[in-house]
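Everything on this sheet refers to the single structure shown next.
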Amino acid sequence: MPTADGAPTAAERAHAHIRDAIVGGGLEPGAMLSENALAGELAMSRTPVRAALARLQEEGWVRIYAQRGAQVQGLTPREIRESAQLRLALESAGVFHSSEAAREDLAERMRPNLEEQERALRAGDFPAFAEAAMAFHNAFVDLADNELMSATYARLRDRQRFSLTHHAGRIIGDADQTIADHRAVLAAAVAGDTIEFTRLLDAHQRDSYGTGGPHL
1 MPTADGAPTA
11 AERAHAHIRD
21 AIVGGGLEPG
31 AMLSENALAG
41 ELAMSRTPVR
51 AALARLQEEG
61 WVRIYAQRGA
71 QVQGLTPREI
81 RESAQLRLAL
91 ESAGVFHSSE
101 AAREDLAERM
111 RPNLEEQERA
121 LRAGDFPAFA
131 EAAMAFHNAF
141 VDLADNELMS
151 ATYARLRDRQ
161 RFSLTHHAGR
171 IIGDADQTIA
181 DHRAVLAAAV
191 AGDTIEFTRL
201 LDAHQRDSYG
211 TGGPHL
């Protein structure tokens, strides 16, 4: 819980720091983490670091070994595929339950987002692209104005970022196709064509993440 003044606790800061390094690619799966080293890096005692690692183990991002430290865990191909499937379902549902006014507004709001995606890919700034791409996909869920759907999608954010980061080479290597896919997906959403939206997004996920095989 935050402190009385609303600031994050040391354990929360440690958790956010380590988690962000894992999902952002700064710490690769298999890397060993030391409580002492992390405490020194973060200028805090080992106690909040230990609490942060315990929480990360519950979330599946590390595995703690007694007397050895914590080992970074990634997502298996199945976990990446299942996360993509759930995002596909939520984004498609967002389009299905959207109003015409919401879709028209989306077209205007996503124009600068797509420009930022393209700029970031051309510049090789993958973190900036990932942020813009996640906001882009989240916007389809928010079309439904359904708090439970939006909250469920938000819980997938770390898995989404990990998936993007660990397929960066594939995405950057085909930047033109990535942007073209996003423009086509947006056009289908604005038209309210849920079937076409789902088909295009499914194909885009397969190309981006290698989530081959029938999974709709």
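Each step along the sequence shown adds one to the number in the UniProt record's numbering, with nothing skipped, and position 211 is 211.
Positions of the beta carbon are idealized from the N, C-alpha and C atoms, including for glycine.
Going by C-alpha positions, arginine 55 is about 18 Å away from glycine 30. Leucine 156 carries a coil assignment under DSSP once its states are collapsed to helix, strand and coil.
Distances from the alpha-carbon of isoleucine 171 to those of Phe126, Ala43, Arg68, Ala70 put Phe126 closest. In the DSSP annotation of this structure, glycine 69 is not part of any alpha helix (DSSP H); the continuous beta strand (DSSP E) holding it starts and ends at 69-72. Around the Cβ of threonine 178, a 10 Å sphere holds 16 or more other Cβ atoms; the residue is buried. For alanine 175 against arginine 122, the beta-carbon gap comes to about 7 Å, under 8 Å, which counts as contact. Annotation for asparagine 138: Tyr153 place their beta carbon closer than 7 Å to its own, counting only its chain and skipping 5 residues before and after. Here the C-alpha atom of glutamate 108 lies approximately 48 Å from the C-alpha atom of threonine 47. In its chain, beyond the 5 residues on either side, Ala130 have a beta carbon closer than 6 Å to the beta carbon of leucine 164. Per DSSP, leucine 27 is not a residue of any alpha helix (DSSP H), being assigned neither H nor E. Counting only runs that start and end inside the stretch 43-94, the alpha helix (DSSP H) elements of at least 4 residues fall at 46-59.
Around the C-beta of arginine 68, fewer than 16 other C-beta atoms lie within 10 Å, and the residue is accordingly described as exposed. Apart from sequence neighbours up to five positions away, the residues of its chain that approach tyrosine 209 with a beta-carbon distance below 7 Å are Ile80, Ala84, Ser163, His167, ordered along the chain. Of all C-beta pairs linking the stretch 133-148 to the stretch 11-27, fewer than three are shorter than 8 Å, placing the two stretches out of contact. For glutamate 28, the closest C-alpha among the options Gln73, Gly169, Leu143, Gly124 is that of Gln73. In the structure shown, the three-state DSSP call for leucine 33 is strand.
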